[in-house]
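Contents: one structure, followed by commentary.
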Amino acid sequence: MGETHRYECRTDWTGAGERGTVDYRSYDRAYVSRAAGRPDLRGSSDPAFRGDATRWNPELLLVASLSQCHLLWYLHLCSTGGVTVLDYRDDAVGVMAEDSAGGGRFTGVELRPVVTVASAEMAERARALHAAAHTKCFIAASVNFPVTHSARIEVATR
1 MGETHRYECR TDWTGAGERG TVDYRSYDRA YVSRAAGRPD LRGSSDPAFR
51 GDATRWNPEL LLVASLSQCH LLWYLHLCST GGVTVLDYRD DAVGVMAEDS
101 AGGGRFTGVE LRPVVTVASA EMAERARALH AAAHTKCFIA ASVNFPVTHS
151 ARIEVATR
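According to the working numbering, the sequence shown holds residues 1 to 158 in order.
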């Protein structure tokens, strides 16, 4: 096995209020996650679970992690593969299904990147590199649900 990497963070629950978890409605789902040298990440649960809609929740963070990992691998592969990317955006969507026991699981995430390349000659290679980026993404390789992508390649007009 290759090199290993360690990631550390601390998460503090900030929503105890006056009564803590006396009952399901007595506390806020607010938390702050911290990692050395980075800004605090303020989160909550999904609004469907009494969370704060203005904060990141774990489900959104998972979808964002998959989108970001794909982006970074894709840009690397393009930079070493002769494809000049001028713009990239991804409107990623994750689906989570609750089960009857109160738990749930993600059933899939679809990445939907729209990539602008410098010239038409790069478009087919740009499209193909999404599959390669998918196989390299550490996060996608670590989850037990399908991560798909439906990329759209555009050519810059200058």
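In this text, a Cβ means the ideal position worked out from N, Cα and C, and glycines have one as well.
Nearest CA to the CA of residue 41: which residue from 22, 92, 23 and 61?
The residue with the shortest Cα to Cα distance from residue 41 is 61.
Under the rule that 16 or more other beta-carbon atoms within 10 Å means buried, what is residue 134, buried or exposed?
Residue 134 comes out buried.
Applying the 10 Å Cβ sphere with the 16-neighbour rule, what's the burial state of residue 24?
In this structure residue 24 is exposed. Its beta-carbon is surrounded by fewer than 16 other beta-carbon atoms within 10 angstroms.
CA-to-CA distance, residue 116 to residue 153, given in whole angstroms
Spanning the two alpha carbons is a distance of roughly 6 angstroms.
In angstroms, rounded to a whole number, what distance separates the CA positions of residue 22 and residue 13?
Pairing residue 22 with residue 13, the inter-Cα distance amounts to about 15 angstroms.
Using 10 angstroms around the beta-carbon of residue 35, count the other beta-carbons present and answer buried if the total reaches 16, otherwise exposed.
Exposed.
N- and C-terminal bounds of the alpha helix (DSSP H) containing residue 73
Start and end: 58–80.
May I ask you to verify whether the segment 70–84 touches the segment 43–62, counting CB pairs closer than 8 angstroms and requiring at least 3?
Of all C-beta pairs linking the segment 70–84 to the segment 43–62, fewer than three are shorter than 8 angstroms, placing the two stretches out of contact.
Touching by the beta-carbon criterion (3+ pairs, under 8 angstroms), the segment 43–52 and the segment 84–95
Touching, no, given that fewer than three Cβ pairs across the two stretches are closer than 8 angstroms.
Expected contact under 8 angstroms - CB spacing of residue 72 and residue 92 to nearest Å:
A Cβ-Cβ distance of about 14 angstroms is found for the pair residue 72 and residue 92, leaving them out of contact under the 8 angstroms criterion.
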